[in-house]
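Sequence lines, in order, name chains Y and V.
Just so we're aligned: 113 in the numbering used here is position 113 of the first sequence, and the numbers increase by one with no gaps anywhere.
Counting the second sequence from 1 gives a position; the numbering used here is that position plus 1000.
Glycine is no exception: its CB is placed at the ideal position from the N, C-alpha and C atoms.
2 protein chains.
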Amino acid sequence: MLRVSRLTDYATVVMTCIAAHPAEVLSTAQIADEAKLELPTVSKLLKMLGHAGLVESFRGVNGGYRLARPAEAISLADIVEAMEGPIGLTECSLAQGQCERLSACGVSGSWRTVSGAIDGVLRAMTLAQMLAGRPMAPVRSATDTAQATA
Amino acid sequence: MLRVSRLTDYATVVMTCIAAHPAEVLSTAQIADEAKLELPTVSKLLKMLGHAGLVESFRGVNGGYRLARPAEAISLADIVEAMEGPIGLTECSLAQGQCERLSACGVSGSWRTVSGAIDGVLRAMTLAQMLAGRPMAPVRSATDTAQATA
DNA sequence: TCGAAACAGTACCATTTTGGTCCTGTATCC
DNA sequence: GGATACAGGACCAAAATGGTACTGTTTCGA
């Protein structure tokens, strides 16, 4: 179905919740409550998002999480990559050369092109836009990408 | 990693092989040999592609498969959909309304927008282009999509 | 008319990935 | 020094995936 994992989906919800309170440090419990997700799950998500440098963590009493940079500077691609690793539709989109079928198939180039285009789409959607809930206010020229079918 | 299943990847290879012989009816064995894939796997792929109406099948001796329509009229989106069902990045991109968290999250709209854009990218890549192995010769205006990151 | 070739359909199994939970450690604040 | 809250693992159950096998059914050709 060409979909992202459920955790990635959850991660966007969690990031949106955090972005909605730019000034505060929110505890995992608060975020879980607001996002209507299980606490251990949210904890796991936040750890991964922290490793990717998208959120800052504070330990101890009154600790919690906060966006590491403004919502305008975080893209959907950042979140997807944090959760699923580098974006590439096929195995050989990333590590080319180690597919013994390469000579026979010849489709790897096309897949790489498509992967690049999709990366562009994901990169054009910012967390700020997702927070606003608006479809996709043009931010970069690359955004007119959407028309094709949408 | 946001990738398509391996079978989908294989399907593109198989389709490319068939497209390379537009006039002939190729047996599963021939295709498997040319694509360097296992025969039962190719058989499974072809059945799915047949159900989706992308290839025509002929039974009996000298039977086999052939493209159901010209390579220019088959897009990567067609192949992906044949293998993985409707394109949508998240569960609620397709069936909205049945997510009890919808009120809380508010990101579904953004995901739907992005899914649409990706669908456009996939639809802009035709089998003919994949066969040619060229990155993405402009065919429709929507094609300049690729730049963003590629 | 019969047998071989080749697709159709289905069922099955092993492996991997995914999603989710729990436990222990460590830092911070009061 | 104790309570709060994140860090970092390990761990497990369930589902999806990929691959295989078996049994029809159709068609051609001798």
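- In chain V, no part has a C-beta under 8 Å from the C-beta of Q30 (chain Y); the shortest such distance is about 13 Å.
- Counting other Cβ atoms within 10 Å of its Cβ, R69 (chain Y) stays below 16 and is therefore classed as exposed.
- Three or more beta-carbon pairs separated by less than 8 Å are not found between the stretch 52-60 of chain Y and the stretch 111-121 of chain Y, which leaves the two stretches without contact.
- Under the criterion of beta carbons closer than 8 Å, L26 (chain Y) and G60 (chain Y) do not qualify as touching, at roughly 15 Å.
- Taking the C-beta atoms as reference points, I79 (chain Y) is found nearer than 9 Å to T12 (chain Y).
- Secondary structure note for V1055 (chain V): its beta strand (DSSP E) is the uninterrupted segment 1055-1058.
- Under a 10 Å Cβ-count criterion, L1039 (chain V) is classified as exposed, with fewer than 16 other Cβ atoms of the shown protein chains found around its own Cβ.
- Scanning its chain for C-beta atoms nearer than 7 Å, with the 5 sequence neighbours on each side dropped, one finds around L1131 (chain V) the residues T1016, A1019, A1020, A1071, in chain order.
- Counting only the Cα atoms, A1023 (chain V) lies some 43 Å from E81 (chain Y).
- Within the same chain, no Cβ atom closer than 6 Å to the Cβ of G1085 (chain V) is found once the five residues on either side in sequence are excluded.
- Contact note: D78 (chain Y) does not reach chain V at a C-beta cutoff of 9 Å; the least C-beta distance is about 13 Å.
- Note: Y1065 (chain V) is bridge-paired with V:L1026, V:S1057 in the DSSP secondary-structure output.
- The DSSP-derived three-state label of T12 (chain Y) is helix.
- A straight line joining the alpha-carbon of V1114 (chain V) with that of M125 (chain Y) spans about 8 Å.
- Distance from the CA of R1003 (chain V) to the CA of Y1010 (chain V), rounded to the nearest whole angstrom, comes to 13 Å.
- Note on geometry: alpha-carbon atoms of S1005 (chain V) and S1075 (chain V) lie some 17 Å from one another.
- Around the CB of A73 (chain Y), fewer than 16 other CB atoms lie within 10 Å, so the residue is classed as exposed.
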